[in-house]
Each structure stands twice: as structure tokens, then as C-alpha cells.
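In order, the protein sequence lines correspond to chains A and B. Under our numbering, the first residue of the first sequence is numbered 1, with each subsequent residue one higher. Under our numbering, the first residue of the second sequence is numbered 1001, with each subsequent residue one higher. Remarks on the structure that follows.
Number of protein chains: 2
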Amino acid sequence: MDQQQLFVKMALGNWNLQIGRIEKMFDGFNDDQLLQPVAPGKNRVIYLLGHFVAYHDMLGASLGLAERKYAHLDEAFLKNPDNSSFDMPDTAYLRNAWADVHSNLTNLFAGLSAEEWFKKHNSVNEADFAADPSRNRLNMVMNRTAHVAYHAGQIKLI
Amino acid sequence: MDQQQLFVKMALGNWNLQIGRIEKMFDGFNDDQLLQPVAPGKNRVIYLLGHFVAYHDMLGASLGLAERKYAHLDEAFLKNPDNSSFDMPDTAYLRNAWADVHSNLTNLFAGLSAEEWFKKHNSVNEADFAADPSRNRLNMVMNRTAHVAYHAGQIKLI
Chain A
1 MDQQQLFVKM ALGNWNLQIG RIEKMFDGFN DDQLLQPVAP GKNRVIYLLG HFVAYHDMLG
61 ASLGLAERKY AHLDEAFLKN PDNSSFDMPD TAYLRNAWAD VHSNLTNLFA GLSAEEWFKK
121 HNSVNEADFA ADPSRNRLNM VMNRTAHVAY HAGQIKLI
Chain B
1001 MDQQQLFVKM ALGNWNLQIG RIEKMFDGFN DDQLLQPVAP GKNRVIYLLG HFVAYHDMLG
1061 ASLGLAERKY AHLDEAFLKN PDNSSFDMPD TAYLRNAWAD VHSNLTNLFA GLSAEEWFKK
1121 HNSVNEADFA ADPSRNRLNM VMNRTAHVAY HAGQIKLI
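So this is what it looks like as C-alpha cells:
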């Protein structure tokens, strides 16, 4: 294993760890429990579930690896806070969408060579990337890994 | 910048980002506000402040870079949950200790070559490390970065 492969393994290992933990939390709630807020007056678990579906569906596109499939969820789960009166699909749909988005990412990630991980993502332009090559695809996943942990800490309070 | 240096920059960039964010949160609370729980019946902010002092003081030791300085805080902030009736130092002490621990880590990290980051940490033995070189110092910091985000998400609820 060369240096790049080793570092990809480290970053994806941390991503998989955090995704596995929060997935176990979502799976542990029945449909009624998904409607609980993480704390009084705060986001409901169902909102966070949809939030990750939309945001990680967008991640595939931001990495330049896939087209959006769940952009129709952005209004309710990404662009607006919980309880903003936007239509939400039912919990069965969201649970399936979570599984779909993350299995798609797993497949896309598995198909990417270590070298490809160090190319630029779509949220940085060529000049900025040339000036700072740390703004690469793998770094975007590292950033999203912390975002997963951020909300996992909130859900854990229930 | 070679490959290893780039990885280190990516991982430490994410660490610094999360540390900076949570430090801003702690700084934004006055001493009375530090006594608030993140949610009813949950950890108080002061507990999380001390938790990071103890845990990140331990990080320096786990990385094999420093001796423990704040092990006397482990009972109250690491080995037991909040409100376990262990003595806690006052908030001024904890704020100073936070600054001390993190400025020490910054100095230690700055003095470490990229190559040193990929050596084993103290929580893995030689055989396991040989079998899985991803269990290195840098990976420990990547793991701790997610832990910071986990509790930052909780504090953000206040």
C-alpha cells in the first residue's frame, strides 16, 4: 500500500465509522420516535435523517462523481430549518433514501483510485485548487465526517 | 509539499477548524452560563470543557509526545459522567487549562515531521501496527477531531 492509498484508507475508515454509528441510531428509532426532537424545541430526528439524505446526495455531485437524485428534498431538509412547513416524504421513503444514498457513495468511493481522491472537488476553482491542493475530494469527505459526528452527538442526547 | 505533508496539512486543518469552533463556543459563555446543561438533564458545558482538557491532555501522551499534566482531572471529567460528586476546579482554572493544553498540542504538532505523524501511537502494539499502518498518530487526531465535532453539536443546542 502506497502513501496515498494509506491516507485514503484512514479518511474513509473514519467516514465509515461515523456513518455506521449514526445509521445505528436512525435504525434504533421506530417511526414515531423519529418525530422526537433531539432536545426541546430543536431539530427532530426525522429532519436530520432527511438532512443527511439531501446533503450526502449532494456530496456525490460535489465530488464530481454522480448526478443528484434527491434534490427535491433540499427545500425541506437542507435549505430551511425543521418545521418550516415544507412537505416531507414519509419515514419509509427517507429510510430507503438513506440506504440508497450511502450504498451509492460506498460504490462510488470503492471505484475511485487513490490518485483520483486527491483531485479537486466541484466547489473549488482551478486557481484556488492549484494554490491549495489540500482542497481535494478526500478533504471534503473528511469535513463531512465531522458534520456527521456533530449531529450524532445531538441525536445521542435522546 | 510532498504527499505526506499534504495529508498532515489536511488532517491538522480539520482538527484546527473543529478546535477553533468549539473554543469560540466556550469563550462565548460566561462563568454562570458554563453551568448550563446542553439539554435538560444532560452534561453541563463546564463538564465538556473539563472533558476536553483531560482527554486532549491525554492525547499528547497517547501520541507519545508529552507527559500528562492534567491527569488529576480524569476522575471528574473523563472516567465519570457529569454530576458524579467529584471535585471540579473553578472555571478560571479550566479555561486556562484548555488554553494550555491546546497551545501545547499546537507546539508539539508543529514540531513533528510528516514522517513522524505516520508512526504508531501508544494505544496500539507493534504487531497490530505492522498489520495495519493506518493506526498511526495522524489517524488518532482524525478520530479526536470527530469527537470534538460530536460535542460541539451538543453545545450548539444551547
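Ideal Cβ placement from N, Cα and C applies to all residues, glycine included. Note that the structure is a prediction, hence the values are computed from the model and not measured.
Counted as a single uninterrupted DSSP element, the alpha helix (DSSP H) harbouring Glu115 of chain A occupies residues 114-117. Under the three-state reduction of DSSP, Lys24 of chain A is assigned to helix. Residues of chain A whose Cβ lies closer than 7 Å to the Cβ of Asn1014 of chain B are, in chain order, Met142, Asn143, Ala146.
Within 7 Å of the CB of Ala152 of chain A, the CB atoms of chain B belong to Tyr1150, in sequence order along the chain. Rounded to the nearest whole angstrom, the C-alpha separation of Ser85 of chain A and Asp27 of chain A is 25 Å. Residues of chain A with a Cβ closer than 7 Å to the Cβ of Ala1039 of chain B are, in chain order, Ala39, Leu157. Within the DSSP secondary-structure output, Arg1044 of chain B pairs in a beta bridge with B:Pro1037. Sequence-ordered contacts of the region 1022-1038 of chain B with chain A read Val1038 [C-beta pairs closer than 9 Å]. Here His121 of chain A has Ser62, Leu63, Arg137, Met140 as same chain residues with Cβ atoms under 6 Å from its own Cβ, once five neighbours each way along the sequence are excluded. Lys1079 of chain B sits in coil when the DSSP states are folded into three classes, being neither helix nor strand. When the alpha-carbon of Ile1019 of chain B is set against those of B:Val1053, B:Asn1083, B:Glu1067, the nearest one is in B:Val1053. Under the three-pair Cβ rule at 8 Å, the region 37-54 of chain A counts as touching the region 83-99 of chain A.
Below the 7 Å Cβ cutoff, chain B contributes Met1010 as neighbours of Asn139 of chain A, in chain order. Taking 8 Å as the threshold, the shortest C-beta distance from Leu1006 of chain B to chain A falls below it. Assigned with DSSP and collapsed to three states, Lys1009 of chain B falls in helix. DSSP places Glu1126 of chain B in the uninterrupted alpha helix (DSSP H) bounded by 1126-1131.
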